[in-house]
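Reviewing the structure listed below.
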Amino acid sequence: MNKQSSNLCCRRHSLLTIIVCLVSPCFAENWPGWRGPARNGVTDDSGVPTTWSATENVRWKVILPGAGISNPVVWQDRIIVTASAGQDQNELHVICFDRRTGKKQWHQQLWGTSPTLFYPQSGMASPTPATDGKHVFAFFGTGDVFCFDMDGGLLWQRALADEYGQFQNRFAASSSPLLFEDKLILQCDHYGDSYLIAMNQHSGANLWKSERPEAWHSWSSPQIVAAKHQYELVLSGSTKLDAYDPDSGDRLWTVRGLAQECIPTPVFGQGLLYAVSGPNGDHYAVRPGGRGDVTESHVEWKHNRGTSFVPSAIIIGNRYYLADDKGLARCWEIPSGKILWRKRFRGKHTASPISADGKLFFVNQQGSTLVLDATASEYVELARNEVNEEVLSSPAISDGCFFLRTSKHLFCIGNSAEQPDRPN
Amino acid sequence: MNYATSRLLLLVSVTWLVTTQFAQCDDQELLDVISRAGPQGAGSFAARAARDELAQRNVEFLPLLLAAMNTSNPIAANWYRTIYQEIVTRGLSTGETHWPIAFLKQYVGDTKRNGKPRRLVLSLIDRLEPDFRNRWLPSRLTDPEFRSEAVALAINAGDQALTDKNTEMAKAQFQKAFQYARDRSLVTQSAERLRSIGETADVIRHLGLVTDWWLTGPFDAPEKTGFALTFEPENGVNLNAEYLGQNNATFGWSRYRTTDALGQLNLVDALTKADEAVAYAWTEITVEHGQKAQLRCSADDCCLVWLNEKIVSPHEQWLNGTRFDRFADTVTLVAGRNTILVKVCQGPQHRNPEVFNNWSVQVRLCDDEGRGISFRNALPAIPTK
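Sequence lines, in order, name chains A and B. The first sequence maps to residues 1 to 424 in the numbering used here. The second sequence maps to residues 425 to 809 in the numbering used here.
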């Protein structure tokens with residue numbers, strides 16, 4: 001690492017630390033985007049209930065105006081959800097609810113530029129929005145990107161399909177935007193011309209755009225990892241894992257061997273990056289920091305059992321958990337790769353697991369949430385909670401509340417002792 | 425002055441400049457400001473300021489706003505929509521009585537205007553005159569935006585007539601629905617209704633599906649090389665030729681007419697089950713007049729189409745399935761005989777064994793709205809070998 005890049009990394013780490021210190025004391029942890037504050041499903045939040053039902057510990061629930069499987073995002077008292085409806089699902093919704101009461105704060109309805117084929121439950125609202133507390137960034141399967149202020153005022157928008165060609169995708173684009181420094185980063189892999197793009201968060205203008213001519217459609221979301229020398233922007237898709245320089249969009253390294261179509265988002269833990277694709281694919285544990293094709297040099301661990309097509313994995317301490325689409329779950333010790341337990345959960349799984357307060361939450365498609373003890377190395381089941389509605393969206397946690405998006409409603413689940421007012 | 429202070433001053437100055445400038449703009453000028461918003465977020469700051477100013481207007485501003493909303497600029501359209509939404513929401517919540525209702529009705533019925541704002545206006549009229557939709561919508565059978573709803577209403581009316589045991593009325597409604605339907609689902613629904621009362625409905629002809637073919641294959645195309653590789657039929661179709669193909673098999677051309685309800689040609693049934701292979705389908709059609717048409721096609725995995733020996737529809741998309749109207753390309757048919765050659769590529773078996781190894785193609789010729797053009801399959805007689 002040269003001195004300049006070392007200083008750069010240090011400054012960024014310091015900045016992140018300052019932000020965390022400023023935010024943490026005055027408010028519970030936010031859930032600002034796909035898979036939460038660290039984009040890995042894990043939050044330091046506490047007080048989340050262990051048990052609930054369709055009525056027990058439900059602080060409020062609201063009807064959503066359309067299809068969508070994006071996870072709700074939370075910033076202080078605001079919950080933001082996206083949805084789509086109408087002919088071709090080209091009516092795009094961004095809705096903000098009050099976290100305490102579920103009362104609607106604002107609701108923007110916009111047109112999608114160029115709808116594609118879509119999965120009925122997800123419509124055009126598969127990508128999870130992102131917020132930095134000053135802006136809300138919403139990306140839809142139509143290729144449209146919107147930036148709002150926290151009161152719902154539109155600040156800028158991009159119609160990527162209009163600028164760079166219609167998204168050609170059989171389930172609509174699902175990659176969730178990533179916020180990094182001043183950039184909004186999107187992975188746009190589809191049958192047409194694929195690309196990775198970084199936009200200025202304030203203006204929407206391109207900072208860089210990297211073509212991915214070899215890529216076809218995938219639905220995975222980009223991940224950012226701190227390698228030894230610099231941050232690396234990691235993408236799963238088209239039989240490989242690619243890392244890019246987030247400042248320039250230059251490709252840094254590639255690991256070959258993933259499935260053609262990738263959905264899970266890679267996760268980072270114990271110094272390694274874990275990527276999975278399937279079914280019938282492999283898990284890869286990759287040491288970041290390489291250059292060029294590092295398939296032979298940087299893959300530290302590989303495993304071909306229990307891979308998922310849709311759900312992402314979660315890492316807690318030295319344990320790596322994944323439930324595949326059919327609900328067959330495994331827990332590995334990392335980095336050794338030793339299997340600690342295997343279990344068949346009930347039902348099919350689309351949502352990715354999340355964790356808080358020493359608990360692990362796996363939600364199946366029937367709306368049943370399996371709560372496990374995340375502190376134990378063996379399988380310890382704490383509860384199974386039913387809301388009796390279909391769930392494909394990954395949940396969110398903030399300020400002691402568990403936010404569950406079903407195909408009809410958004411539930412706010414919290415300990416009933418702290419029950420606030422219900423929405424009007 | 426430090427950097428942050430200078431940036432703040434710059435922002436304040438720009439805001440002041442934009443605000444004072446807009447204070448002297450008339451509404452059309454403000455709308456024009458928004459119309460210049462475009463790619464890469466360009467013009468957003470000015471558009472936001474103009475939007476905020478215009479959102480304060482009352483409902484009498486709607487005609488000017490809706491005229492601007494008839495734009496091909498998707499960025500401007502959404503900025504305008506946020507203004508519309510704010511004015512309409514305020515008007516409805518305050519009991520506004522000066523809605524330009526005559527203009528709104530004229531606008532919603534004007535097929536030259538964009539469909540999206542027309543649909544917004546219909547939702548507003550629903551609030552202002554709740555019975556308007558039911559009176560107006562059934563007549564929109566040729567309206568590009570509302571055709572499907574009108575056709576669906578005709579099917580519902582036919583169903584109701586059947587319940588009332590009025591078969592003649594049902595037949596009239598179903599025939600009307602079939603005649604005006606362009607959406608595949610509504611075409612098949614109305615055809616099924618007609619058949620259920622003993623009437624005929626030719627879905628293949630209505631949609632312009634090509635069903636009669638000469639086929640040859642499978643040619644060997646390892647991995648996903650099939651789209652790029654050139655095999656003999658691409659150099660000229662000779663229905664008497666024999667070819668050496670996958671696994672050293674020899675084969676010629678065979679005639680095949682698909683009986684699929686939507687003209688899908690299943691190559692596994694018609695030829696053989698194959699992986700990493702290419703097949704060709706060839707046909708001739710005859711049209712009375714030279715004309716533009718849409719060639720809509722779809723294949724599993726990907727397809728390349730020649731019309732009169734020129735490539736018109738190259739689509740390399742593996743693993744995307746044969747989906748109705750997946751691709752649409754405008755082509756020019758000549759009066760009389762036209763030849764169509766389709767190359768259908770089959771990739772490797774999907775890694776997920778649960779994914780069925782389909783190998784098929786679907787081709788149709790229609791107008792821009794999806795109604796099949798009139799043509800006759802004019803395949804030559806089976807050649808003597």
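A virtual CB, placed ideally from N, CA and C, is assigned to each residue, including glycine.
Determine the DSSP secondary structure at residue i, reduced to helix, strand or coil.
i	result
residue 83 (chain A)	strand
residue 527 (chain B)	helix
residue 609 (chain B)	helix
residue 535 (chain B)	coil
residue 676 (chain B)	coil
residue 584 (chain B)	helix
residue 405 (chain A)	strand
residue 242 (chain A)	strand
residue 165 (chain A)	coil
residue 489 (chain B)	helix
residue 105 (chain A)	strand
residue 506 (chain B)	helix
residue 334 (chain A)	coil
residue 385 (chain A)	strand
residue 23 (chain A)	With a pLDDT of 41 at residue 23 (chain A), under the threshold of 50, the predicted position of this residue should be treated as unreliable, and no value is reported.
residue 494 (chain B)	coil
residue 590 (chain B)	coil
residue 712 (chain B)	coil
residue 43 (chain A)	coil
residue 598 (chain B)	helix
residue 300 (chain A)	strand
residue 343 (chain A)	strand
residue 88 (chain A)	helix
residue 269 (chain A)	strand
Less than 9 Å between CB atoms is the rule here; does residue i satisfy it with respect to chain B?
i	result
residue 14 (chain A)	Because residue 14 (chain A) carries a pLDDT of 42, less than 50, the predicted location of this residue cannot be relied on, and no value is offered for it.
residue 124 (chain A)	no
residue 398 (chain A)	no
residue 155 (chain A)	yes
residue 204 (chain A)	yes
residue 144 (chain A)	yes
residue 163 (chain A)	yes
residue 101 (chain A)	no
residue 22 (chain A)	Residue confidence for residue 22 (chain A) is low, a pLDDT of 40 falling below 50, so the modelled location carries little weight; the figure read from the coordinates is stated next. Taking Cβ atoms only, chain B never reaches closer than 9 Å to residue 22 (chain A), which makes this a no.
For residue i, decide whether its Cβ has a neighbour in chain A, counting only Cβ atoms nearer than 9 Å.
i	result
residue 796 (chain B)	no
residue 506 (chain B)	yes
residue 499 (chain B)	yes
residue 809 (chain B)	A caution first: residue 809 (chain B) carries a pLDDT of 48, below 50, which makes its placement in the model unreliable, though a value can still be read off. Chain A, which has no Cβ nearer than 9 Å to the Cβ of residue 809 (chain B), makes this no.
residue 540 (chain B)	yes
residue 770 (chain B)	no
residue 466 (chain B)	yes
residue 690 (chain B)	no
residue 502 (chain B)	yes
On a Cα-Cα basis, can you pick out the residue from the options that is closest to residue i?
i	options	result
residue 50 (chain A)	A:407, A:383, A:400 and A:393	A:383
residue 391 (chain A)	A:399, A:268, A:219 and A:122	A:122
residue 756 (chain B)	B:789, B:639 and B:563	B:789
residue 351 (chain A)	A:68, A:59 and A:38	A:68
residue 510 (chain B)	B:678, B:575, B:478 and B:573	B:478
residue 47 (chain A)	A:406, A:397, A:264 and A:407	A:397
residue 388 (chain A)	A:145, A:242, A:54 and A:117	A:54
residue 742 (chain B)	A:133, A:218 and A:198	A:218
residue 639 (chain B)	B:744, B:705, B:770 and B:501	B:705
residue 222 (chain A)	A:164, A:34, A:29 and A:309	A:34
residue 512 (chain B)	B:546, B:535, B:497 and B:539	B:546
residue 718 (chain B)	B:712, B:726 and B:731	B:731
residue 365 (chain A)	A:91, A:404 and A:190	A:404
Assuming the contact rule is C-beta atoms closer than 8 Å, residue i and residue j should be a hit. Round their C-beta distance to whole Å, please.
i	j	result
residue 335 (chain A)	residue 71 (chain A)	Residue 335 (chain A) to residue 71 (chain A), Cβ: 28 Å. No contact.
residue 136 (chain A)	residue 94 (chain A)	7 Å
residue 740 (chain B)	residue 651 (chain B)	5 Å
residue 606 (chain B)	residue 571 (chain B)	6 Å
residue 204 (chain A)	residue 468 (chain B)	6 Å
residue 369 (chain A)	residue 358 (chain A)	Contact flag wrong, Cβ pair sits at about 16 Å.
residue 284 (chain A)	residue 255 (chain A)	6 Å
Would you mind listing the beta strand (DSSP E) stretches within the segment 604-657 of chain B that are 3+ residues and don't spill past its ends, in chain order?
636-644
Scan the segment 165-185 of chain A for residues whose Cβ lies nearer than 8 Å to a Cβ of chain D and list them as they occur along the chain.
Included in the structure are the protein chains A and B, with no chain D among them.
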